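Engineer: There's a structure below that I have some questions on.
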Amino acid sequence: MSRIESYHRMLQAASQFQYNIALILEAKALEASRSCQWICGHLNAAHFEDHGDQLKKSLEVHDQMIEVIEGMTKMELALAKHLQILLGGSESGGTNSADGDGGNYYS
1 MSRIESYHRM LQAASQFQYN IALILEAKAL EASRSCQWIC GHLNAAHFED
51 HGDQLKKSLE VHDQMIEVIE GMTKMELALA KHLQILLGGS ESGGTNSADG
101 DGGNYYS
């Protein structure tokens with residue numbers, strides 16, 4: 001297999017990976033919409049002893065959604081970094097960062 005064919009296969013795999021991520025995000029959006037409707041109907045003041053309990057439960061739900069978003073973001077950043085290395089390496093023979101930070105997306 002030639003180098004070009006190898007790059008083409010890697011890009012096809014990355015494309016399929018992105019498609020699967022899009023499907024996951026679509027499912028998560030639908031789940032979030034349903035959860036929102038359920039939460040708005042069931043996490044009202046009548047179901048809790050005091051406002052602190054209601055706030056605590058709402059924050060737990062919120063934290064779970066933030067964790068999902070953070071995980072998907074980290075996965076996307078890692079994939080973008082690998083694609084940048086792949087594309088930068090195939091075009092110029094080495095890694096090349098247009099923004100001058102060496103391609104470091106992690107803080």
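Residue numbers (full-length UniProt numbering): 1 to 107. Just so you know, even glycine gets a beta-carbon here, dropped at the ideal spot from N, CA and C. Here the structure is a predicted model, which is why all the values come from computation and not from measurement.
Rounded to the nearest angstrom, what separates phenylalanine 48 and cysteine 36 at their Cα positions?
Structural biologist: So the two alpha carbons sit approximately 18 Å from each other.
Engineer: Report all residues from its chain with a CB closer than 6 Å to the CB of methionine 72; omit the five preceding and five following residues, and keep chain order.
Structural biologist: No residues qualify anywhere along the chain.
Engineer: According to DSSP, is phenylalanine 17 part of a helix, a strand, or is it coil?
Structural biologist: Residue state, collapsed to three classes: helix.
Engineer: Going straight from the alpha carbon of valine 33 to that of methionine 75, what length do you get?
Structural biologist: In the sequence on display, residue 33 carries serine and not valine. Those two C-alpha atoms are separated by around 23 Å.
Engineer: Pick out whichever of Arg3, Gln64, Tyr19, Ala14 has its Cα sitting closest to the Cα of lysine 81.
Structural biologist: Closest by alpha carbon: Ala14.
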